[in-house]
Structures are given as C-alpha cells and as structure tokens.
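J.: Sharing a structure here in structure tokens format.
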Amino acid sequence: MRFETKRDKTFPIIFLFVFILYSGIASYSIIAENDSSVIWPFSGVLLFLALLFYLIFKNTYFVFEENQLVCRSLFFKRIIPYSTIRKIEKQKGLYAGLKMSTAWKGLVIHYNKYDELLISPEREEEFILELESRVR
C-alpha cells in the first residue's frame, strides 16, 4: 500500500522567497555592473531549484511492505521494520530531526530506542490506522 506525500504551501513559499532573492541580486548586478550576462547563471540556478522541488514532490512517498515501512524522498530511503516502531504521533510545534516531509505539519514516527522520523502522508488518519494494524 502506497501513500503519497501531502502538499501544502511550504515549498511554494520557499521557492518564491528564493526567486525574489535571486531576482533582486540579478537586478542589482545588472544595474550596478551594467552587464546583462549575469541573467543566465541566475536563471540556471532558478531552473535547477525548480526542477529539484518538482522531483522532491514527485519522489516522496511511503510504502507499507510485508514487514517494514519504506519512506522515500528523492535519493534518500529509510526502511523501518514494524517491530521497531514504538509510537506514532502528530507533530507538535517545530520539529528538529530527520524529515521526509513536503509539508509543514506531519506525523512523527518513533522507532528503535531513540530514532524518529517526520513524514507527511496525504491521508494521515488512514496512514495511522494502517500502521497501527501492522505494528500490532
């Protein structure tokens, strides 16, 4: 069973901030240097970031396999055996730990003795029910 990641306004806001920042720097460089050739490097960086954000959205998902939960985000993959999961809870406040999330709020999975992972499945309640049925 596969769950896609939740999409909220976090990534578009970050991209908009970076776009405005880079546009301001490019504009300043063009005006101060009177040289429009700096547009190409800045455009290349923005294009790369847009592609990266798109790939993160398309390649972040969570899969329930027979004995483990597989969390994947871009090139990163975390495999969590059901037997090691201690609890799952909704995120409270800011989270400073490992994240495989594309949303501001999500679920924190506590596993092993001290490990935790923030994820953001699209259908949280259904995800929690499925996880609890497999952990028992």
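Residues 38 to 173 in this note's numbering are what the sequence shown spells out, letter by letter.
All C-beta atoms in this analysis are idealised placements derived from N, C-alpha and C, irrespective of residue type, glycine included.
Starting from K129, trace the alpha helix (DSSP H) in both directions and tell me its first and last residue.
T.: K129 -> no alpha helix (DSSP H), and no H or E assigned at all.
J.: If you pair each beta-carbon of the stretch 69-80 with each one of the stretch 98-116, do three or more pairs fall below 8 angstroms?
T.: Because the criterion of three Cβ pairs below 8 angstroms is not met, the stretch 69-80 and the stretch 98-116 do not touch.
J.: Given this structure, state the Cα-to-Cα distance separating L92 from L111, to the nearest angstrom.
T.: Taking the straight line from one Cα to the other gives about 7 angstroms.
J.: Alpha carbon to alpha carbon, how far is I57 from E161? Give it in angstroms, no decimals.
T.: Roughly 33 angstroms separates the two Cα atoms.
J.: Taking three-plus beta-carbon pairs below 8 angstroms as touching, is the stretch 144-159 in contact with the stretch 58-66?
T.: No, the stretch 144-159 does not touch the stretch 58-66.
J.: Under 8 angstroms Cβ to Cβ from V191, same chain only, skipping five residues before and after it: list those, please.
T.: A question about residue 191 goes unanswered here, because the residues of the chain that appear run from 38 up to 173.
J.: Return the first residue and the last residue of the beta strand (DSSP E) that F101 is part of.
T.: Residues 97-101.
J.: Going by the CB atoms, is the gap between Q128 and K142 shorter than 9 angstroms?
T.: Going by C-beta atoms, K142 is nearer than 9 angstroms to Q128.
J.: Counting along the chain, where does the beta strand (DSSP E) carrying P118 start and finish?
T.: From DSSP, the beta strand (DSSP E) with P118 extends over 113-118.
J.: For S66 versus V75, is the C-beta spacing smaller than 9 angstroms?
T.: Yes, the Cβ-Cβ distance between S66 and V75 is below 9 angstroms.
J.: Under 9 angstroms, do E159 and F48 count as touching if we go by C-beta distance?
T.: No, these two residues do not count as a Cβ contact at 9 angstroms.
J.: Ignoring anything shorter than 3 residues or poking outside the stretch 38-62, list the beta strand (DSSP E) runs there in chain order.
T.: 39-41, all fully within the stretch 38-62.
J.: Quick one, which of F85, T42, T139 has its alpha-carbon nearest I50's?
T.: The residue with the shortest Cα to Cα distance from I50 is T139.
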